[in-house]
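**Student:**
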Amino acid sequence: MKDKKSSSGGISIGARIKGMSDTNLLLVITIIVFFVMYIGAMVFQGGSFLKPQAFLNILNQQAALIIVSCGLSLVMITGGIDISVGGVVALVSMSCAVYLDYLGGNIVVSILIALAIGLAFGLVQGYLVAYLEIQPFIVTLAGMFFARGMTTIVHTNPFNVANEKFVKLKDTRITIPFLGSNNAKGMYIPAYIEIGVIVALVIVIVFFCLLRWTKLGRGFYAVGGNQYSALMLGINVKRTKFISHLLSGILAGIGGFVYFLHIGSGSPSHATGMEMDAIASSIIGGTMLTGGVGNIIGTFFGVLSLSTIQNIVALAGLDEPWWIGITRAAMLCLFLVVQSIIIANKNKD
Amino acid sequence: MQNVDFTLCEGEIHALMGENGAGKSTLIKVLTGVYEKDEGEIFLKGMNKAAVIRSPQDAQKLGISTVYQEITLCPNLSVAENMYIARGKGAGQNWKKMNADADKILKSLDIPAKATQQLSSCSIAIQQMVAIARAVDMDCKVLILDEPTSSLDEQEVQKLFGLMRDLKKRGVGIIFVTHFLDQVYEVSDKITVLRDGKLVGEYEIETLPRVKLVAKMLGKELDDMEEIRDDSLVYKGKDADETVFEAKGLQSNAGIKPFDFYIKRGEVNGFTGLLGSGRSECVRAIFGADRMLHGEVKKNGKKIKISKPIDAMKNGIAYLPEDRKIDGIIGDLSVRENIILALQVLKGFFKPFTKAQAYKFADEYIKLLEIKTASADTPIKSLSGGNQQKVILARWLLMNPEYLILDEPTRGIDIGTKIEIQKLVLKLASEGMSVTFISSETDEMLRTCSRLVVMRDRKVVGELSGEDLTQNKIMSTIAGGDR
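Structure, rendered in structure tokens:
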């Protein structure tokens with residue numbers, strides 16, 4: 001694969017685009033669009049966009065979505081889909097909340113609960129999709145209903161967790177030197193990120209490496225590219241699909257805990273529509289619904305783009321939810337059109 | 001498939017020939033472990049035991065690699081990845097080494113592709129060669145090429161042949177499966193012919209001229225060719241006066257070369273050639289079932305436009321397709337509904353026939369064609385093959401077409417019904433209908449047709465009528481004239 005610097009070097013950009021794989025090309029587009037958008041917001045809207053904390057807050061708020069989207073990208077690269085992730089996140093939050101608050105449990109066990117829930121969903125859905133060959137959309141739709149239903153069974157009403165150790169962990173701030181700014185009274189406030197962000201970044205890096213430098217990772221692409229060919233080339237297609245759903249489930253579990261850590265409460269309405277945000281982020285990040293093309297770094301930037309546009313709209317005074325919805329829809333459309341035009345042009349001759 | 005012996009030597013290109021359904025694919029699939037064999041043994045060089053091949057992976061380990069007609073590579077991955085994926089030890093992917101190795105092999109085989117290129121950016125020919133490169137690099141001793149040239153153009157075929165000759169020099173044994181006779185004679189050393197799942201024989205290429213090869217494939221001996229004809233059935237070719245339909249330079253998107261065609265009123269003509277030579281494609285082009293690329297069709301000297309089947313139907317052309325299961329019957333509908341289908345389409349869906357009308361039509365044709373069915377309301381899928389065929393025939397006859405195209409109307413039906421259908425064709429022709437009749441059985445064609453268009457490799461190569469209508473002449477024309 002080619003290097004990713006499309007603007008430098010002596011070769012013309014057109015020739016460079018031709019030499020790039022679809023995956024890398026879409027990644028470059030995503031990153032460029034994100035930076036153009038963010039810098040545009042800094043220049044034209046200014047205000048809080050100029051503070052580094054504004055960027056870090058996006059990370060703080062979206063750490064869970066980043067993790068969940070990574071899992072979804074994996075499944076989408078193999079040509080599948082997983083719409084149960086939002087439900088799993090809600091179930092994990094609620095289960096951990098009940099465990100920590102009513103049962104007074106400790107944090108390590110609550111993390112294990114989160115992982116176990118994610119693992120269970122991944123195992124069952126992966127088995128149904130890969131070995132019983134049921135449509136992933138149907139399987140994970142059932143998974144979504146089941147997870148939402150279970151969440152309400154675990155506890156009906158929203159509530160905040162008052163467990164001391166948990167609250168302490170939730171409020172842990174990792175300060176970053178030199179990036180702080182002065183507030184209105186002239187007091188210096190250091191920039192910070194939450195623990196979830198670290199988790200999210202580690203997961204992004206781990207899964208980027210998995211997809212890029214392992215045979216399993218390349219197998220995901222092969223299965224997504226052409227399932228029958230992958231089989232004939234000697235790839236264990238069923239196992240590959242199973243693993244993709246398994247990983248997506250586990251990541252939904254981890255994402256659920258990170259979400260819980262950020263929000264500090266359990267509620268049946270938590271993470272509503274998160275699966276759709278995750279799909280949108282993956283697509284904006286250059287993952288194709290048809291499979292075989294995609295990149296975790298792209299997904300990371302997809303999440304950032306999606307929340308940046310939200311912040312831009314909010315800062316412009318259009319804070320009503322429908323404006324956010326409409327801008328997101330427009331952005332998704334724009335990306336899909338741009339992607340298909342560029343890919344079509346590239347593969348024309 | 002039964003009782004087939006097959007021997008492949010080191011460094012030889014061995015063509016495997018036979019018509020569709022002769023057992024070529026089955027033989028290959030047994031060799032590569034896709035199908036299990038019931039009996040017999042497979043031996044490889046340097047092994048004194050029979051080889052155990054239960055899966056494509058087993059075959060690959062033994063050095064048997066297959067490149068299939070449809071390319072089994074992943075278009076979204078790079079050329080190098082396609083060559084190396086799912087191979088080697090360890091879980092990691094070493095891009096540098098893989099790309100270097102791939103480039104080395106591509107270069108040594110003279111394949112114009114870069115290791116880092118995405119596969120979908122290569123032409124089909126290059127993709128096929130990448131598949132071969134993968135096989136070669138897996139240290140294959142036997143390379144099976146299943147119809148590798150069917151989607152390549154002339155130049156690309158030459159490139160592929162160059163590669164095959166190169167591999168041959170390296171001692172690889174190649175099994176070459178193709179429909180194209182020219183290509184067989186260009187590269188092969190030996191030919192094995194299969195027919196109806198049985199071995200016909202193995203021949204050195206020099207000892208088997210084309211016409212003999214065709215005879216072997218069709219299962220006719222050259223000498224006892226003149227079969228006893230049932231004279232009552234033979235069409236007494238009359239010189240019909242006017243040309244009804246005429247086509248010039250017709251070409252469709254199904255890959256046939258442009259051809260000219262005409263048919264006179266009350267004439268029965270036929271397309272002949274080996275399976276896959278483009279017989280069906282020709283008539284499909286006339287009927288508008290495939291998209292027409294070039295050419296024009298004239299009816300009674302006037303130009304008409306046929307871009308889809310309904311246009312052809314409106315102009316009085318009816319087409320009985322080759323595969324009745326796929327193109328013809330609608331299994332869950334009743335005999336009656338299947339019969340009136342075409343006429344209904346022609347009339348328009350908003351003007352349905354009354355029940356009485358529909359029954360009248362159905363009963364009339366059930367009687368005329370002696371369709372054996374419990375009633376007009378029986379679902380067509382419960383009928384026997386021959387009777388299903390008659391129902392479809394009834395459907396088209398109901399339209400009262402000027403020109404009837406029958407593509408393999410007698411396939412898979414018993415001999416009695418076959419003769420009935422042949423008789424019916426002749427009767428219709430004597431009443432002034434023009435008929436095109438296609439059949440794999442040459443004697444059937446000889447009995448019914450007064451003029452035969454001969455096809456080879458998707459091209460019209462000749463036309464036979466009158467005195468020339470003999471088995472020998474047909475075969476030598478199919479084979480390309482070198483008797």
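The listed protein sequences correspond, in order, to chains L and W.
Counting from 1, one number per residue, gives the positions in the first sequence under my numbering.
Counting from 1, one number per residue, gives the positions in the second sequence under my numbering.
The C-beta atom is built at its ideal place from N, Cα and C for all residues, glycine as well.
Can you tell which of L:Ala-222, L:Cys-333, L:Asn-24 has its C-alpha closest to the C-alpha of L:Val-75?
**Tutor:** That would be L:Ala-222, whose Cα lies nearest to the Cα of L:Val-75.
**Student:** Buried or exposed for L:Met-274, please, with buried defined as at least 16 other CB atoms from any protein chain shown within 10 angstroms of its CB.
**Tutor:** buried
**Student:** From W:Gly-484 to W:Arg-458, what does the alpha carbon distance come to, in whole angstroms?
**Tutor:** Nothing can be reported for residue 484 of chain W: it is not among the residues displayed for chain W, which extend from 1 to 483.
**Student:** Compute the Euclidean distance between the alpha carbons of W:Ser-232 and W:Glu-467, then round it to the nearest angstrom.
**Tutor:** Note that W:Ser-232 scores 44 on pLDDT, short of 50, meaning its location in the model is unreliable; the coordinates nonetheless yield the value given after this. One C-alpha to the other measures close to 18 Å.
**Student:** Given a cut-off of 9 Å, decide if W:Ala-86 and L:Ile-235 are closer than it, judged by their beta-carbon atoms.
**Tutor:** It is a contact, given that the beta carbons lie within the stated cut-off.
**Student:** Given W:Lys-45, which residues of its chain have a CB within under 6 Å of its CB, disregarding the five upstream and five downstream residues?
**Tutor:** none
**Student:** Excluding five sequence neighbours on each side, which residues of the same chain lie with their C-beta closer than 6 Å to the C-beta of W:Gly-512?
**Tutor:** This structure leaves residue 512 of chain W out entirely; chain W is present only between 1 and 483.
**Student:** Would you identify the three-state DSSP class for W:Gln-357, choosing helix, strand or coil?
**Tutor:** Of the three classes helix, strand and coil, the one that applies to W:Gln-357 here is helix, per DSSP.
**Student:** Are there three or more Cβ pairs, one per stretch, closer than 8 Å when the region 38-48 of chain L is compared with the region 59-70 of chain L?
**Tutor:** no
**Student:** If we define contact as Cβ-Cβ less than 9 Å, is W:Glu-467 a contact residue for chain L?
**Tutor:** Judged by the 9 Å Cβ criterion, W:Glu-467 is not in contact with chain L.
**Student:** To the nearest whole angstrom, what separates the beta carbons of L:Lys-238 and L:Thr-78, a pair I think is in contact under 8 Å?
**Tutor:** Rounded, the Cβ-Cβ distance is 11 Å, inconsistent with contact.
**Student:** Note down, in chain order, all residues in the region 284-306 of chain L with a beta-carbon under 7 Å from any beta-carbon belonging to chain W.
**Tutor:** Gly-292, Val-293
**Student:** Give me, in chain order, the residues of the same chain whose beta-carbon lies closer than 8 Å to that of L:Leu-169; leave out the 5 immediate sequence neighbours on both sides.
**Tutor:** Ile-107, Ile-195, Leu-261
**Student:** Please classify W:Asp-260: does DSSP put it in a helix, a strand, or coil?
**Tutor:** strand
**Student:** Go ahead and pull the three-state DSSP assignment for W:Tyr-185.
**Tutor:** helix
**Student:** What is the DSSP secondary structure of W:Arg-411, counted as helix, strand or coil?
**Tutor:** Correct three-state label for W:Arg-411: coil.
**Student:** Return yes when the Cβ of W:Val-454 is within less than 9 Å of the Cβ of W:Leu-446, no when it is not.
**Tutor:** no
**Student:** Using a Cβ-Cβ cutoff of 9 Å, what residues of the region 128-155 of chain W are near chain L? List them in chain order.
**Tutor:** Cβ contacts with chain L: Arg-134.
**Student:** Have a look at L:Gly-294, L:Trp-322, L:Leu-315 and flag the residue whose alpha-carbon is nearest the alpha-carbon of L:Thr-30.
**Tutor:** L:Gly-294
**Student:** By the DSSP assignment, the alpha helix (DSSP H) with L:Gln-62 in it spans what residues?
**Tutor:** 52-77
**Student:** Curious, which full-length alpha helix (DSSP H) runs of at least 4 residues does the region 436-469 of chain W contain?
**Tutor:** 442-448
**Student:** Helix, strand or coil for W:Asp-5 per DSSP?
**Tutor:** coil
**Student:** Taking Cβ positions only, does W:Gln-69 come closer than 9 Å to chain L?
**Tutor:** Chain L contact via Cβ: absent.
**Student:** Can you give me the Cβ contacts of W:Pro-309 inside the same chain, cut-off strictly under 8 Å, excluding the 5 residues immediately before and after it?
**Tutor:** Cβ contact annotation for W:Pro-309 (same chain, cutoff 8 Å, sequence separation greater than five): Phe-287, Gly-288, Ala-289, Tyr-319, in chain order.
**Student:** Can you tell me where the alpha helix (DSSP H) with L:Ser-248 in it begins and where it stops?
**Tutor:** Residues 237-263.
**Student:** Using the Cα positions of W:Gln-2 and W:Gly-197, report the straight-line distance between them to the nearest angstrom.
**Tutor:** 6 Å
**Student:** Name the chain L residues that come within less than 8 Å of W:Gly-92, Cβ to Cβ?
**Tutor:** Trp-213, Thr-214, Lys-215
**Student:** Taking CB distances under 9 Å as the criterion, tell me whether W:Thr-26 reaches chain L.
**Tutor:** no
**Student:** Scan the region 109-124 of chain L for residues whose Cβ lies nearer than 8 Å to a Cβ of chain W and list them as they occur along the chain.
**Tutor:** none
**Student:** In three-state DSSP terms, what is W:Met-475?
**Tutor:** Reduced to three states, the DSSP call for W:Met-475 is helix.
**Student:** What residue does the beta strand (DSSP E) around L:Leu-211 start on, and which one ends it?
**Tutor:** Counting along the chain, L:Leu-211 falls outside any beta strand (DSSP E), though it belongs to the alpha helix (DSSP H) covering 195-213.
**Student:** Taking 9 Å as the CB-CB limit, is L:Tyr-131 close to chain W?
**Tutor:** no
**Student:** I want to see whether chain W comes within less than 9 Å of L:Gly-80, judged by CB atoms only; does it?
**Tutor:** no
**Student:** What did DSSP end up calling W:Met-83 once you bin it into helix, strand or coil?
**Tutor:** helix
**Student:** In this structure, how does DSSP classify W:Pro-401 when only helix, strand and coil are distinguished?
**Tutor:** The answer is coil: DSSP assigns W:Pro-401 none of H, G, I, E or B.
**Student:** What residue does the alpha helix (DSSP H) around W:Ala-131 start on, and which one ends it?
**Tutor:** Its alpha helix (DSSP H) spans residues 124-137.
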